[in-house]
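Going letter by letter, the sequence shown gives residues 1 to 124 in UniProt numbering. Structure first, then comments.
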Amino acid sequence: MSKVQTGLQYSAEHEWITDESPATVGVSQVAADALGEVVYVDLPEVGSAVTAGAECGEIESTKSVSELFSPVTGEVVEINQAVIDDPALVNSDPYGAAWLFKVAVTEFGPLLSAEEYAAQNGVE
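The structure is reproduced here in structure tokens:
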């Protein structure tokens, strides 16, 4: 069963983000469960600009390819090489070891609280 991690904010496209600086971005367990076995992750490059709501990468599973959307506008300051090397981390630890990238945020996009995201997706 999917769970929603409290203390994070979420985009409608299933990305989570922390409120620290720089902000850490990942995908929710709801998304990981829907994707199935993740086999490939394409992340934005360090130094690249991302825009809230815009596509910034992709996640490929044995079932499908899904776009990754940035929940914020800013500059990518770090990517998680471990998740590129071992995409299955997205399935096993979506809120921990499978964080995707960190952003120096200049503007937040529309975000949901953990409670709002859980209600929207029918999970606890």
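The C-beta atom is built at its ideal place from N, Cα and C for all residues, glycine as well.
The beta strand (DSSP E) runs of length 3 or more contained entirely in the segment 72 to 96 are, from start to end of the chain, 72 to 79.
With fewer than 16 other CB atoms across the displayed protein chains lying within 10 angstroms of its CB, Ser92 is exposed. The criterion of a C-beta distance shorter than 8 angstroms is not satisfied by Val83 and Val77. Where Asp42 is concerned, the enclosing beta strand (DSSP E) starts and stops at Val38 to Asp42.
Between the alpha carbons of Ala54 and Val72 lies a distance of about 9 angstroms.
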